[in-house]
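In the working numbering, the protein residues as written are 2 to 140.
Using N, Cα and C, we set each Cβ at its ideal position, and we do this for glycine too.
As the structure is a prediction and not an experimental result, all values here were calculated from the model.
Okay, so here's the structure we're looking at.
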(Lines of atoms letter the chains of each structure in order from A and count residues from 1; the text may use other names and numbers.)
(Lines give C-alpha, C1' and ligand atoms only; values in the text may rest on other atoms or scores of the structure.)
Protein backbone atom coordinates (compact mmCIF):
# COMPACT_ATOMS: atom_id res chain seq x y z
CA UNK A 1 0.00 0.00 0.00
CA UNK A 2 1.37 3.38 -1.01
CA UNK A 3 0.93 6.38 1.23
CA UNK A 4 1.76 9.78 -0.13
CA UNK A 5 1.47 12.96 1.91
CA UNK A 6 2.05 16.50 0.66
CA UNK A 7 1.49 20.06 1.84
CA UNK A 8 0.97 23.12 -0.26
CA UNK A 9 1.23 26.64 1.09
CA UNK A 10 -0.16 29.30 -1.23
CA UNK A 11 -1.56 32.70 -0.15
CA UNK A 12 -2.51 31.38 3.27
CA UNK A 13 -4.28 28.25 1.95
CA UNK A 14 -3.08 25.00 3.39
CA UNK A 15 -3.98 21.79 1.55
CA UNK A 16 -3.20 18.30 2.84
CA UNK A 17 -3.96 15.21 0.78
CA UNK A 18 -3.52 11.56 1.75
CA UNK A 19 -3.79 9.01 -1.04
CA UNK A 20 -4.32 5.39 -0.03
CA UNK A 21 -4.27 2.14 -2.04
CA UNK A 22 -2.14 0.50 -4.69
CA UNK A 23 -3.75 2.40 -7.53
CA UNK A 24 -4.59 5.51 -5.53
CA UNK A 25 -8.23 4.41 -5.77
CA UNK A 26 -9.32 6.07 -2.58
CA UNK A 27 -8.31 9.52 -1.46
CA UNK A 28 -8.92 11.70 1.54
CA UNK A 29 -8.41 15.41 1.06
CA UNK A 30 -8.51 17.96 3.85
CA UNK A 31 -8.35 21.66 3.02
CA UNK A 32 -8.04 24.35 5.63
CA UNK A 33 -8.62 27.87 4.37
CA UNK A 34 -7.11 30.73 6.26
CA UNK A 35 -8.33 34.17 5.12
CA UNK A 36 -5.96 36.01 7.44
CA UNK A 37 -4.33 38.67 5.24
CA UNK A 38 -0.89 38.15 6.80
CA UNK A 39 -0.28 34.54 7.88
CA UNK A 40 1.76 33.85 11.01
CA UNK A 41 1.87 37.50 12.11
CA UNK A 42 0.81 38.29 15.65
CA UNK A 43 -1.53 41.16 16.49
CA UNK A 44 0.29 43.64 18.74
CA UNK A 45 0.88 47.32 19.41
CA UNK A 46 3.85 48.67 17.43
CA UNK A 47 4.00 52.30 18.56
CA UNK A 48 2.22 54.93 20.63
CA UNK A 49 2.50 58.71 20.30
CA UNK A 50 3.03 60.12 22.83
CA UNK A 51 4.94 57.14 24.19
CA UNK A 52 4.62 55.55 27.62
CA UNK A 53 6.03 57.89 30.31
CA UNK A 54 7.10 60.46 27.71
CA UNK A 55 7.48 64.00 29.07
CA UNK A 56 6.12 66.60 26.65
CA UNK A 57 6.84 70.33 26.62
CA UNK A 58 3.35 71.11 25.30
CA UNK A 59 -0.08 69.54 24.99
CA UNK A 60 -0.17 66.96 22.14
CA UNK A 61 -2.77 67.57 19.42
CA UNK A 62 -3.52 63.84 19.13
CA UNK A 63 -2.83 60.47 20.70
CA UNK A 64 -2.21 57.76 18.12
CA UNK A 65 -1.56 54.02 18.25
CA UNK A 66 -0.23 51.77 15.48
CA UNK A 67 -0.68 47.99 15.34
CA UNK A 68 0.70 45.13 13.23
CA UNK A 69 -2.64 44.20 11.61
CA UNK A 70 -5.70 46.13 10.36
CA UNK A 71 -8.25 47.24 12.97
CA UNK A 72 -12.01 47.22 13.37
CA UNK A 73 -12.86 50.83 14.11
CA UNK A 74 -16.30 49.93 15.53
CA UNK A 75 -14.65 47.83 18.25
CA UNK A 76 -11.57 49.93 19.03
CA UNK A 77 -11.20 52.94 21.32
CA UNK A 78 -8.79 55.43 22.87
CA UNK A 79 -9.56 57.49 25.98
CA UNK A 80 -7.26 60.19 27.35
CA UNK A 81 -7.94 60.80 31.05
CA UNK A 82 -6.62 63.40 33.47
CA UNK A 83 -5.59 62.54 37.05
CA UNK A 84 -9.23 62.88 38.18
CA UNK A 85 -10.53 60.45 35.54
CA UNK A 86 -12.11 63.15 33.36
CA UNK A 87 -12.00 62.51 29.65
CA UNK A 88 -9.59 64.89 27.87
CA UNK A 89 -10.18 63.95 24.21
CA UNK A 90 -12.92 64.77 21.72
CA UNK A 91 -14.20 61.16 21.62
CA UNK A 92 -13.99 60.96 17.82
CA UNK A 93 -11.83 58.00 16.84
CA UNK A 94 -10.02 58.23 13.52
CA UNK A 95 -8.79 55.00 11.94
CA UNK A 96 -6.54 54.29 8.99
CA UNK A 97 -5.80 50.59 8.43
CA UNK A 98 -3.44 49.68 11.26
CA UNK A 99 -3.55 53.04 13.10
CA UNK A 100 -6.11 54.75 15.33
CA UNK A 101 -5.99 58.22 16.84
CA UNK A 102 -8.05 60.69 18.83
CA UNK A 103 -7.70 64.48 19.14
CA UNK A 104 -6.99 65.81 22.60
CA UNK A 105 -8.30 68.90 24.32
CA UNK A 106 -5.79 71.55 25.42
CA UNK A 107 -4.02 69.66 28.21
CA UNK A 108 -2.78 71.52 31.27
CA UNK A 109 0.48 70.46 32.92
CA UNK A 110 0.09 67.08 34.63
CA UNK A 111 0.06 63.31 34.22
CA UNK A 112 -2.40 61.73 31.75
CA UNK A 113 -3.59 58.17 31.26
CA UNK A 114 -4.30 56.65 27.86
CA UNK A 115 -6.71 53.70 28.02
CA UNK A 116 -7.13 51.83 24.76
CA UNK A 117 -8.76 48.80 23.22
CA UNK A 118 -8.09 47.48 19.73
CA UNK A 119 -9.84 44.70 17.82
CA UNK A 120 -8.13 43.00 14.90
CA UNK A 121 -9.96 42.80 11.59
CA UNK A 122 -8.48 39.31 11.16
CA UNK A 123 -10.43 36.03 11.30
CA UNK A 124 -10.14 35.47 15.03
CA UNK A 125 -10.99 39.09 15.96
CA UNK A 126 -8.34 39.31 18.66
CA UNK A 127 -8.87 42.06 21.23
CA UNK A 128 -6.03 43.87 22.95
CA UNK A 129 -6.41 46.44 25.70
CA UNK A 130 -4.01 48.29 27.96
CA UNK A 131 -3.19 51.68 29.41
CA UNK A 132 -0.13 53.88 29.77
CA UNK A 133 0.83 57.37 30.97
CA UNK A 134 2.45 60.49 29.61
CA UNK A 135 3.26 63.83 31.25
CA UNK A 136 2.76 67.39 30.02
CA UNK A 137 5.41 69.58 31.67
CA UNK A 138 6.13 72.90 29.91
CA UNK A 139 9.68 74.26 30.28
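Please state whether the Cβ-Cβ distance between residue i and residue j is less than 8 Å.
{"i": "residue 120", "j": "residue 76", "result": "yes"}
{"i": "residue 66", "j": "residue 113", "result": "no"}
{"i": "residue 137", "j": "residue 60", "result": "yes"}
{"i": "residue 69", "j": "residue 43", "result": "yes"}
{"i": "residue 49", "j": "residue 133", "result": "yes"}
The beta strand (DSSP E) spanning residue i covers which residue range?
{"i": "residue 95", "result": "95 to 97"}
{"i": "residue 54", "result": "No beta strand (DSSP E) contains residue 54, which DSSP labels as neither H nor E."}
{"i": "residue 59", "result": "Here residue 59 belongs to no beta strand (DSSP E), and DSSP marks it neither H nor E."}
{"i": "residue 113", "result": "111 to 120"}
{"i": "residue 107", "result": "Careful: residue 107 lies outside any beta strand (DSSP E) and carries neither H nor E."}
{"i": "residue 131", "result": "128 to 137"}
{"i": "residue 78", "result": "78 to 82"}
Just how far apart, CA to CA, sit residue i and residue j?
{"i": "residue 71", "j": "residue 131", "result": "18 Å"}
{"i": "residue 125", "j": "residue 74", "result": "16 Å"}
{"i": "residue 107", "j": "residue 135", "result": "14 Å"}
{"i": "residue 102", "j": "residue 85", "result": "22 Å"}
{"i": "residue 111", "j": "residue 127", "result": "33 Å"}
{"i": "residue 94", "j": "residue 140", "result": "30 Å"}
{"i": "residue 90", "j": "residue 45", "result": "23 Å"}
{"i": "residue 18", "j": "residue 116", "result": "In this predicted model, residue 18 has a pLDDT of only 35, less than 50, meaning its place in the structure is not dependable enough to derive any value."}
{"i": "residue 109", "j": "residue 56", "result": "13 Å"}
{"i": "residue 51", "j": "residue 58", "result": "12 Å"}
{"i": "residue 96", "j": "residue 53", "result": "21 Å"}
{"i": "residue 47", "j": "residue 80", "result": "18 Å"}
Using only alpha-carbon positions, find the residue among the options that is nearest to residue i.
{"i": "residue 100", "options": "58, 109, 64", "result": "64"}
{"i": "residue 98", "options": "54, 123, 92", "result": "123"}
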